[in-house]
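To start, the structure under review is shown below, and the notes come after it.
Protein chains: 2
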Amino acid sequence: MTQFGTYVNTARRRLQEHDRRYSLRQVARRIGVEPGYLSKIERGQVAPPSEAATVRLAKELDQDADVLLALGGKVSSDLQDVIRKRPRLFAQLIRELKQAPDHAILRIVREVRDGDW
Amino acid sequence: MTQFGTYVNTARRRLQEHDRRYSLRQVARRIGVEPGYLSKIERGQVAPPSEAATVRLAKELDQDADVLLALGGKVSSDLQDVIRKRPRLFAQLIRELKQAPDHAILRIVREVRDGDW
DNA sequence: CGTCATGTTTCCTAAACACTACACATTCCC
DNA sequence: GGGAATGTGTAGTGTTTAGGAAACATGACG
């Protein structure tokens, strides 16, 4: 349930070992939340923070924002925007890809990036 | 701003012309909300309803749920679930497809459906 | 030893979300 | 013309979200 907190705590402590600027308090200050709040987040005492705070936290801890958002039960709003602009199309695509293996999706990504349409 | 309300009102009134079971009150009753609430929704006096209510409304009015959700500023939670399970992969894919033309996405949908991986 | 920084605990809250309750005026229609 | 049904207006409610404030206990260390 609190994958999020553990993940953040682990990532932060890993950085803290080599650099004491990664104390809970200092990280909290840099991402703009109260230490008490970050403490509760790390121990899963409260729900994961807002999208904005999650993204700042991910950057601070050098983690992938989409992954951290996912752990927080969220999907980046810029992705949602893309879907909301063409809902039928993207809904169909995503549902189709639900069971596709990773490599198939990666292949598509590459195809699209190499612009072969 | 209130695309949603207009869309619902239009769809409902179109049905109501031929079938008086599609009065605001009866539709409200069938989808399980108060008439006053649906009235305000249709006139954009309140924000679009929850995901669940939106889906019931779409079904009732024979509309595409993903489209109606999009008008309400939402993305179906089952799509979000798919993304949240493989955030990196889907984030990459969707951002890549952001600017792709419709036909290119449709082609991918077809390719995937015809299971050629 | 003192003080500085660290992590934690308790209590509180402002705003947003998702509605309900119910009275009211109007229109349908038999 | 009178009851039933329709749409609307006003007010208020419970819940969730996303935190802040401040005090507390613990340890580091110069």
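Just so you know, the protein sequences line up as chains S and G, in that order. In the working numbering, each number is its position in the first sequence, counted from 1, plus 17. In the working numbering, each number is its position in the second sequence, counted from 1, plus 17. Just so it is clear, CB atoms sit at the ideal spot from N, CA and C, and this is done for glycine as well.
What residue 64(G) touches in chain S, judged by beta-carbon distance under 8 Å, is nothing: the nearest beta carbon there is about 15 Å away. Counting the other CB atoms within 10 Å of its CB gives residue 51(G) a total below 16, which places it among the exposed residues. Between the alpha carbons of residue 40(G) and residue 120(G) lies a gap of roughly 38 Å. For residue 54(S), the enclosing alpha helix (DSSP H) starts and ends at 52-59.
In the displayed model, residue 124(S) falls within a helix according to three-state DSSP.
Per DSSP, the unbroken alpha helix (DSSP H) holding residue 94(G) starts and ends at 94-102. If you compare the alpha carbons of 78(G), 19(G) and 66(G) with that of residue 32(G), the shortest gap goes to 78(G). For residue 80(G), the closest Cβ of chain S is not nearer than 9 Å. Taking a contact as a CB-CB distance under 8 Å, the pair residue 100(S) and residue 96(G) counts as one, their CB atoms being some 7 Å apart. Contact of residue 103(G) with chain S by beta-carbon distance below 8 Å involves 119 and 122.
Straight-line measurement puts the Cα of residue 62(G) at about 17 Å from the Cα of residue 42(G).
Secondary structure of residue 87(G) (DSSP, three-state): helix.
When C-alpha distances from residue 94(G) are compared across 75(G), 68(G), 116(G) and 113(G), the shortest belongs to 68(G). Against residue 25(S), chain G offers no close residue; the least beta-carbon distance is about 15 Å (beta-carbon pairs closer than 9 Å).
A straight-line Cα-Cα distance of about 7 Å links residue 130(G) and residue 113(S).
The beta carbons of residue 122(S) and residue 123(G) sit about 17 Å from each other, so the pair does not count as a contact at 8 Å. For residue 24(S), the uninterrupted alpha helix (DSSP H) segment begins and ends at 20-35.
Closest by C-alpha distance to residue 25(G), out of 83(G), 87(G) and 59(G), is 59(G). For residue 41(S), the enclosing alpha helix (DSSP H) starts and ends at 41-48. Cβ-Cβ distances below 6 Å link residue 45(G) to 52 and 55 in the same chain, with the five nearest sequence neighbours on each side left out; the list follows chain order.
Per DSSP, the unbroken alpha helix (DSSP H) holding residue 73(G) starts and ends at 68-77. Look at residue 129(S) here: in three-state DSSP terms it is helix. Chain G places no beta carbon closer than 9 Å to that of residue 21(S), leaving this residue out of the contacts.
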